[in-house]
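First residue of the sequence shown? That's 837 in the numbering used here, and the numbers climb one at a time after it.
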Amino acid sequence: MTAIGHSYGSRTVGAATQQGGGIPGVDDIVLVGSPGLGVDRAEDLGIGKDHVFVGAADNDVVTRLPSKEQGLLAAAGRALGPAGSLAVDVVHPGDDDLWFGKDPASEDFGGRRFAVDPGPPLIGLGRVTLDAHSQYFNPKLDSASADSIAMVVAGRGHQVKQEGGR
């Protein structure tokens, strides 16, 4: 069986794996559009890191939410003006933490990242859109992602083409 978490659902999957015995019967986990899971490594999910599959579109803003610490530092930097922003960047350079923990698409997390379409940009065609966050399962908009998810669910995760971590 495969547990699939999209967006905050990935945080729910992460929390479920931390309960006594994990998620019963789950062999593989697929995470897409994740703001973090609440764990720092794929192996912490209890099924082996080779059974954790991650999709993150380049233009999906949810997969790029700052960590709580980064958000507070950025607010402090803005309040102090340009010098404050520069100081924050020097003291706390970018890392791969998201709002709910380690970015599952990062190399350090250790999951198997699969290719996805980058999706439309946040601002385009005269409007703001979050469409990149919602097309992982749509084979017409993102066949690479939909095909990879289908292969994992069909028990053919070993055939999923991997992409490097962020």
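For each residue, glycine too, the CB sits at the ideal point set by N, CA and C.
Simplified DSSP assignment, three categories, for residue i
| i | result |
| --- | --- |
| K904 | Interpretation of K904 is limited by its pLDDT of 49, a score under 50 that renders its predicted location unreliable; no figure is taken from the coordinates. |
| Q995 | helix |
| D896 | coil |
| G850 | helix |
| K938 | strand |
| V862 | coil |
| P954 | coil |
| V890 | strand |
| A980 | helix |
| V875 | coil |
| A986 | helix |
Where residue i falls, given that 16 or more other Cβ within 10 Å makes a residue buried
| i | result |
| --- | --- |
| A893 | buried |
| V1003 | Since the displayed the chain opens at 837 and closes at 1002, residue 1003 lies outside it and no answer follows. |
| P975 | exposed |
| K938 | buried |
| S979 | exposed |
| G955 | buried |
| G841 | buried |
7 Å Cβ shell around residue i - same chain, five flanking residues per side excluded
| i | result |
| --- | --- |
| I859 | A839, A852 and T853 |
| G884 | none |
| A878 | K885, V888, F945, G946 and G947 |
Close beta carbons around residue i, own chain, < 6 Å, minus the five adjacent residues each side
| i | result |
| --- | --- |
| G882 | T853 and G858 |
| G850 | L873, G874 and V875 |
| L922 | For L922, the predicted structure reports a pLDDT of 48, less than 50, and the residue's modelled location is therefore unreliable. A value from the coordinates is still provided. Around L922: no qualifying Cβ. |
| Y844 | none |
| V890 | L867, P940, A941, G947 and R949 |
| V989 | T838 |
| S981 | G891, V952 and Y972 |
| L977 | Q971 |
| S846 | L867, S870 and L873 |
Neighbourhood of residue i by C-beta distance below 8 Å, restricted to the same chain and skipping five residues each side
| i | result |
| --- | --- |
| V897 | L958, L966, A968 and H969 |
Identity of the residues DSSP links to residue i by a beta bridge
| i | result |
| --- | --- |
| H842 | V868 |
| R948 | F889 |
| I959 | V964 |
Cβ distance (whole Å) where residue i is taken to contact residue j below 8 Å
| i | j | result |
| --- | --- | --- |
| S870 | T899 | 6 Å |
| G993 | D864 | 6 Å |
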